[in-house]
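Chains as they are written, first to last, in the working numbering: chain A, 1 to 293; chain B, 1001 to 1293.
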């Protein structure tokens, strides 16, 4: 078997075209440009790269990305003051504070300072809580609208657009970070999958993975998940972004896995491009909630 | 094999004695009586029974339980106004709004109106979010202190006191309610168990249950989980409280299960008494956070 590629790059392209239309319509109707404020403290190279990528993607859709850079020496009070100002600024619809933040800054406190309504990265405890409390899809959610972190939201969108059924499927999520693994598990659960969450303490991880109809990897260990950990016909979603001697590789040993799986995301070109596009979607959604009252 | 009984009734008794001391010390030190305000709308018999039970348990510890009853016809605005008043009342450390609330009242909006610091029942989205975001036990939590719903918190306490190891164990939680199943899954995950969440859409539920080292049932279907769904030597935690012709039975077929499991909670006398005592613990903890600054 050679797996169908879940082509995030192609889907992101399709979605960019959809979003161009959506943004144009929005701007015409409300006379407002959906705007994100990206906040960075210091010059972490990954963060610099990511903020530039966001700026480019937003600009390409006719949206705006403000970049607010504080020096490495900025205090938590200064950072929280900036966030508070952006919370109150009606021209800013979404706010993202880039991580990692310098030592001495309490990341949780900074995230908690965000307005949940502008937390387009889905890191605020209120958004995490609403995701955790939300009823399964198809029923009234029972919570107010919320934002989901862009990476798992992008993984779900990719699966949905390729027509993957979730109901009754056994999904195994390897990794339990607050930004990928746990929200991905909760999203799959909402779609009526049976969900298993694994991590570094899981005993016989290969055997657990082999049960997965949908296997999601978010551990940050290059090619940890081997071909013989995968059930024939499974769908494999690789969130891993590992730098191995200058080459980007996922958490899944792609060549082996593609022989066994029915569908698989490549790295790069799978979940990565989807993350970027879901952030754009969240900014438009934030603008809509704030402007279209 | 005949299972060891996880005796919630006996443990609750032990814990009541511990809490008596804790409350006495607290009152002596701060001159403050830990106090919960229980809010009920209407006269749902289960709610009346539960509020009386809370009052009795609190009184027995030297604590106070205020009972605030609104008529069945009360509006959401009246209920939120009462909650807001209790939020601001320094003599009230914990607030619980009983469910079910009458039709026409938006339960989520009422819960969101609670002060998270007084939400001793752990129903506020901020408390749910902190639980979802909290790092595994043993590492800095990365979130502010939070309250967990009393039922799953009681189940965990019962397991802990019986010396159950969680790390690397496969825990299967059947049921995904916001008040039991999902928080129980997150608590087990924090303790480094591998966790599977099942529900009504799970395919071949018996086979999934048979994998569990720790099997938790919270579905509300009398004796649904049979003896042959249980792995020999498993630990079984039954959160079910079902009325079958006037007799209280759990979600697990107890007699069959006790032949296979190593340890099991009876119904009644297992997780039930623990729920009550964990609420007391949460009220003391709330008082401590508010008074001991």
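Glycine included, every Cβ here is placed at the ideal spot set by N, Cα and C.
Could you say which of 1003/B, 1274/B, 1035/B lies nearest to residue 1013/B if we only look at CA atoms?
-> 1274/B
Buried or exposed by the 16-neighbour rule on C-beta atoms within 10 Å, applied to residue 266/A = buried
In chain order, which beta strand (DSSP E) runs of at least 3 residues are fully inside the segment 153-218 of chain A?
-> 170-174, 194-198, 214-217
Do the segment 225-236 of chain A and the segment 249-260 of chain A meet, that is, are 3 or more Cβ pairs less than 8 angstroms apart?
-> yes
Neighbour list for residue 1182/B in chain A, Cβ cutoff strictly below 9 angstroms | 132, 133, 186, 189
Assigned exposure category for residue 1077/B - 16 Cβ within 10 Å defines buried | exposed
Buried or exposed: which applies to residue 84/A, given that a residue is buried once 16 or more other Cβ atoms fall within 10 Å of its Cβ?
-> exposed
Along the chain, where does the alpha helix (DSSP H) that runs through residue 1255/B open and close?
-> 1254-1260
Helix or strand or just coil, what does DSSP make of residue 247/A?
-> strand
Which residues mark the beginning and the end of the beta strand (DSSP E) in which residue 1096/B is found?
-> 1094-1097
Own chain partners of residue 208/A with C-beta closer than 7 angstroms, once the 5 adjacent residues on each side are dropped | 172, 196, 198, 202
Quick one, which of 215/A, 31/A, 18/A has its alpha-carbon nearest residue 193/A's?
-> 215/A
Indicate whether residue 241/A and residue 261/A have their beta-carbon atoms separated by less than 9 angstroms.
-> no
Under 7 angstroms between beta-carbons, which chain B residues line up against residue 128/A? List them in chain order, please.
-> 1129, 1132, 1133
Listed by chain order, chain B residues near residue 194/A by CB distance under 8 angstroms | 1196, 1197, 1198, 1199, 1201, 1202, 1203, 1208
Below 6 angstroms CB to CB, which residues in the same chain sit around residue 92/A once its five sequence neighbours on both sides are set aside?
-> 35, 37, 86
Neighbour list for residue 1176/B in chain A, Cβ cutoff strictly below 7 angstroms = 189
Inspect the beta-carbon positions of residue 149/A and residue 180/A and report whether they are closer than 9 angstroms.
-> yes
Within 10 angstroms of the Cβ of residue 183/A, are there 16 or more other Cβ atoms? Answer buried if so, exposed if not.
-> buried
Classify residue 1300/B as helix, strand or coil using the three-state DSSP reduction.
-> Residue 1300/B cannot be examined here, being either before or after the span of chain B that is shown, 1001 to 1293.
Taking 9 angstroms as the CB-CB limit, is residue 1120/B close to chain A?
-> no
Neighbourhood of residue 1167/B by C-beta, 6 angstroms cutoff - its chain only, sequence neighbours within 5 removed | 1192
CB contact flag (residue 23/A, residue 277/A, <9 angstroms) = no
Residues of chain B with a CB under 8 angstroms from the CB of residue 247/A: which are they?
-> Near residue 247/A there are no residues of chain B at all, since even the closest Cβ is about 31 angstroms away, more than 8 angstroms.
Quick one, which residues of the segment 216-242 of chain A are near chain B if we go by CB-CB under 8 angstroms, in chain order?
-> none
Strand pairing of residue 65/A, partner residues [DSSP] = 36/A
Whose C-beta lies closer than 8 angstroms to the C-beta of residue 211/A among residues of the same chain, with five residues either side of it excluded?
-> 170, 172, 196, 231
Endpoints, the beta strand (DSSP E) within which residue 237/A is located | 235-238
Cα separation between residue 1259/B and residue 1003/B?
-> 6 angstroms
Using a Cβ-Cβ cut-off of less than 8 angstroms, give me the residues of the segment 1090-1117 of chain B that come near chain A, in sequence order.
-> 1107, 1108, 1112
Decide if residue 244/A is buried, meaning its Cβ has at least 16 other Cβ atoms within 10 Å, or exposed.
-> exposed
In three-state DSSP terms, what is residue 1005/B?
-> strand
Using a Cβ-Cβ cut-off of 9 angstroms, state whether residue 13/A counts as contacting chain B.
-> no
Just the C-alpha distance for residue 1122/B and residue 1279/B, rounded to the nearest angstrom, thanks.
-> 10 angstroms
Along the chain, where does the alpha helix (DSSP H) that runs through residue 1080/B open and close?
-> 1076-1088
Contacts of residue 142/A in chain B (Cβ-Cβ under 7 angstroms) | 1108
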